[in-house]
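> So the sequence shown is residues 0 to 146, counted in numbering that gives the first Met the number 0.
All C-beta atoms, glycine included, are put in the ideal place defined by N, C-alpha and C.
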Amino acid sequence: MAVRIDLADVHDLHQVLEDHPRYWGERDLRALHLTALVREFGSTCLVARADDGIRGYLIGFVTPDRTGYVHLIATRDDARGTGLGRTLYDAFTEAARRQGAVRLKAITSVTNEGSVAFHRSLGFDDRVVQDYDGPGRPRVVFTRDLN
Ligand SMILES: CC(C)(COP(=O)(O)OP(=O)(O)OC[C@H]1O[C@@H](n2cnc3c(N)ncnc32)[C@H](O)[C@@H]1OP(=O)(O)O)[C@@H](O)C(=O)NCCC(=O)NCCS
């Protein structure tokens, strides 16, 4: 089944929130799905569509210091391991480069081993930063230079 990458809009955001567990399992990340991000950074928010709905999405933006920051990326439970996460990252990288990005950055929780393996496969360096999200809240920080 063909999958195409489109820019995400607010309707897409609501759609994936309705199906939240299929992208995030038992973790509740709904509060991170801010309408403002899709509204204000629409050219770097992406959705992967197929005839059976949204297979995956990426919400990101380019910061003033030219970092392409990926705030959220998820593929639907039945679409994992098919290269879709990589495809979404490639599309984001292209969009971020067009806005002048010279590096990529993302973060994840220290228990998210799948995310660490995924980002390593995509060539990111990773390090644990203690207190990244406040006292006693470490995060894994991924970075990759764009040449
Ligand atoms: C992380 C996630 C986005 C990966 O998406 P995906 O579509 O399965 O990834 P891809 O199929 O494009 O995989 C790309 C590479 O990463 C590797 N990879 C992906 N998930 C992996 C895992 N759980 N363990 C080991 N390697 C993994 C693949 O083997 C592949 O490597 P290769 O290209 O060298 O063969 C997906 O598992 C997901 O949505 N997880 C739940 C949400 C989440 O945790 N998001 C990340 C938060 S920052």
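From this set, Y68, D64, T107 and L57, which residue's C-alpha is nearest R75's C-alpha?
L57
> With DSSP as the reference, label G122 as helix, strand or coil.
coil
> On the DSSP bridge list, what partners appear for V140?
I106 and R126
> Please confirm whether any heavy atom of ligand 1 lies closer than 8 angstroms to the CB of I58.
No - ligand 1 has no heavy atom lying nearer than 8 angstroms to the Cβ of I58.
> Are there any heavy atoms of ligand 1 lying less than 8 angstroms away from the beta-carbon of V69, as far as the coordinates show?
Short note on V69: C-beta closer than 8 angstroms to some heavy atom of ligand 1.
> Return helix, strand or coil for L28, following the three-state DSSP convention.
coil
> Which term fits H118, buried or exposed, when burial requires 16 or more other beta carbons within 10 angstroms of its beta carbon?
buried
> Look up L71 in the DSSP assignment and say whether it is helix, strand or coil.
L71: strand per DSSP, three-state reduction.
> Since I believe L145 is in contact with R96 (beta carbons under 8 angstroms), could you give me their beta-carbon distance rounded to a whole number of angstroms?
The pair is a contact, with the Cβ atoms about 6 angstroms apart (cut-off 8 angstroms).
> Using 8 angstroms as the Cβ pair cut-off and three pairs as the minimum, do the region 132-143 and the region 96-111 touch?
yes
> Could you please give the first and the last residue of the uninterrupted beta strand (DSSP E) stretch that includes G84?
Note, G84: premise wrong, no beta strand (DSSP E); alpha helix (DSSP H) at L83 to R97.
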